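Everything in the sequence shown is counted per the working numbering, starting at 1293 for the first residue and increasing by one. Structure record follows, encoded as structure tokens.
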Amino acid sequence: MSDHKFSKSDLVTAIPIACSNETAAVEFFEIQRWGDTPCCVHCGSVNVYKMMDRATGERNKRYLWKCNDCRKQYTVRIGTVYEESRLPMRHWAYAFWRAATSKKGVSALELKRQLQISYKSALFLMNRIRFAMMPDTATAPKLEGIVECDEVYVGGKPRKGMGKPHKRGLGTDKTPVFVAVQRNGGIRRRVITDVTAANVKDAMKEMIDDNARIMTDEAKIYKKIGAHFGGGHETVMHGAYEFARGDVHTNTAESSNALIKRGMMGIYHNVSREYLHRYLWQWDFCWNHRESNDGERTVAAIKSAEEKRLMYKDPTGPSC
Ligand SMILES: [Zn+2]
1293 MSDHKFSKSD LVTAIPIACS NETAAVEFFE IQRWGDTPCC VHCGSVNVYK
1343 MMDRATGERN KRYLWKCNDC RKQYTVRIGT VYEESRLPMR HWAYAFWRAA
1393 TSKKGVSALE LKRQLQISYK SALFLMNRIR FAMMPDTATA PKLEGIVECD
1443 EVYVGGKPRK GMGKPHKRGL GTDKTPVFVA VQRNGGIRRR VITDVTAANV
1493 KDAMKEMIDD NARIMTDEAK IYKKIGAHFG GGHETVMHGA YEFARGDVHT
1543 NTAESSNALI KRGMMGIYHN VSREYLHRYL WQWDFCWNHR ESNDGERTVA
1593 AIKSAEEKRL MYKDPTGPSC
């Protein structure tokens, strides 16, 4: 048996140990998944045991469990985003930790260097961790109370000959992202094809409760949709150097967007429109768990990895 016994309360010390020792890592993931009652991933029975290596008396090299009822073997990887991976669990622990604690984000290149793994493996890790952080938009409650809306333009380069890019992304090939953030609450972001009143309206109706009080800048796209919301619609005139009027401002939305801009400049450099939504999952996850400490946020990400496997074809391939 190993010496590493983790309870949910000592995450602060447990996570760094799990990042450097494979048995500690496996047992960390096991306790987060099953607590004190490990059960069979095939039939749900709790009549299970850890398989041991007869020669060494240590755990089986593959960290297998066996079920006394259905007689099947399994590991903690089964049914999660790391099921198909051959990467050590300590690398998964490290990648989850970094992804959940780096506000600006963490790049595959950085993981490649720090874990001494291939770039392909690092991409595989990050793609699946971002997938684990994907919000369940079908069950997430709508944003309510005061909701700030804004847009941010991400990636791309200004087109030649267009001069200085316009504030709203005109003259660039940047990708527009719409953001709605509840004051002292959650955030929702979405990649939109064009910043039009119709696109923004669709996003707002889907993300925001009908009775919310909406705050935006003076952009024309919000002129009509504001009337849809029971709490009213107020604007700050950024063009006239007005940034707050009493509690009317969009500073929360803008500071969340500033994190994306800094992440794009400093960490990712360029993300194609096609994959941008995955990066948004990670930023939104960190924002929505910002009240938690680093350990709790890491565990929340690991929890959401359970029962989530990649259902789409992934460009980095199935097995690393
Ligand atoms: Zn079973």
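Glycine residues also receive a C-beta, built at the ideal position from the N, C-alpha and C atoms. As the structure is a computational prediction, the values presented were derived from the model and not from experiment.
query                                                                                                                                                               : result
What number of angstroms, rounded off, separates the C-alpha of PHE1423 from the C-alpha of ALA1597?                                                                : 8 Å
Work out the CA separation of ALA1532 and ALA1592 for me, nearest whole Å.                                                                                          : 42 Å
Run through the DSSP bridge pairs and tell me what ASP1486 is partnered with.                                                                                       : Bridge partners of ASP1486: none, in fact.
Could you tell me whether the Cβ atoms of GLU1314 and ARG1382 are closer together than 8 Å?                                                                         : yes
Using DSSP with H/G/I as helix, E/B as strand and the rest coil, what is GLU1546?                                                                                   : helix
Output needed for TYR1341: all residues of its chain with C-beta closer than 8 Å, excluding positions within five of it in sequence on either side, in chain order. : TRP1357, LYS1358 and ASN1360
Taking a cut-off of 6 Å, which residues have a beta-carbon closer than that to any heavy atom of ligand 1, in chain order?                                          : CYS1332, HIS1334, CYS1335, SER1337, CYS1359, ASP1361, CYS1362 and LYS1364
Going along the chain, which residues of its own chain have a beta-carbon closer than 7 Å to the beta-carbon of ARG1554, five neighbours each way excluded?         : LYS1396
With 16 as the cutoff for other CB atoms within 10 Å, does TYR1374 come out buried or exposed?                                                                      : buried
From which residue to which residue does the beta strand (DSSP E) around TYR1445 run?                                                                               : 1438-1446
Comparing alpha-carbon positions, which option in ASN1503, ARG1589, VAL1563 and HIS1530 lies nearest ALA1519?                                                       : ASN1503
What are the start and end residues of each continuous alpha helix (DSSP H) run of 4 or more residues lying completely inside the region 1385-1438, in chain order? : 1400-1407 and 1411-1424
Could you pull the start and end residues of the alpha helix (DSSP H) that PRO1468 belongs to?                                                                      : No alpha helix (DSSP H) holds PRO1468; the beta strand (DSSP E) holding it covers 1467-1474.
Specify, as a first and last residue, the run of the beta strand (DSSP E) that THR1508 falls within.                                                                : 1505-1509
So LYS1434 packs on ASP1494, CB below 8 Å; how close in whole Å?                                                                                                    : Wrong, their Cβ atoms sit about 14 Å apart, outside the cutoff.
Determine the extent of the alpha helix (DSSP H) in which VAL1318 is found, giving its start and end residues.                                                      : 1314-1326
Answer with yes or no whether the minimum CB distance from ILE1307 to chain D is below 8 Å.                                                                         : You won't find chain D in this structure, because it holds only one protein chain.
Can you find the residues in the same chain that come closer than 6 Å, C-beta to C-beta, to VAL1563, ignoring five residues on each side of it along the sequence?  : GLY1447 and TYR1571
Check for me: the alpha helix (DSSP H) holding TYR1374 runs from which residue to which?                                                                            : Element bounds for TYR1374: n/a, residue is neither H nor E.
Quick one: Cα of THR1542 to Cα of GLU1526, how far?                                                                                                                 : 10 Å
Would the region 1579-1593 and the region 1387-1394 be scored as touching if the rule is three or more Cβ pairs under 8 Å?                                          : yes
Buried or exposed: VAL1528, going by 16 or more other Cβ atoms within 10 Å of its Cβ?                                                                               : buried
Identify whether THR1527 lies in helix, strand or coil by the three-state DSSP scheme.                                                                              : strand
Please state if the CB of GLU1443 and the CB of GLN1474 are separated by a distance shorter than 8 Å.                                                               : no
With C-beta atoms as the reference, is ALA1545 less than 8 Å away from VAL1471?                                                                                     : yes
What's the C-alpha gap between LYS1595 and ASN1580?                                                                                                                 : 15 Å
Please tell me whether ARG1505 and ILE1438 are closer than 8 Å, where the distance is taken between their beta carbons.                                             : yes
Whose CA, out of HIS1530, ALA1550, THR1305 and SER1413, lies closest to the CA of ASP1509?                                                                          : HIS1530
Could you spell out the range, first to last residue, of the beta strand (DSSP E) harbouring TYR1355?                                                               : Run containing TYR1355: none; DSSP gives neither H nor E here.
Which of the three DSSP states, helix, strand or coil, is assigned to LYS1342?                                                                                      : strand
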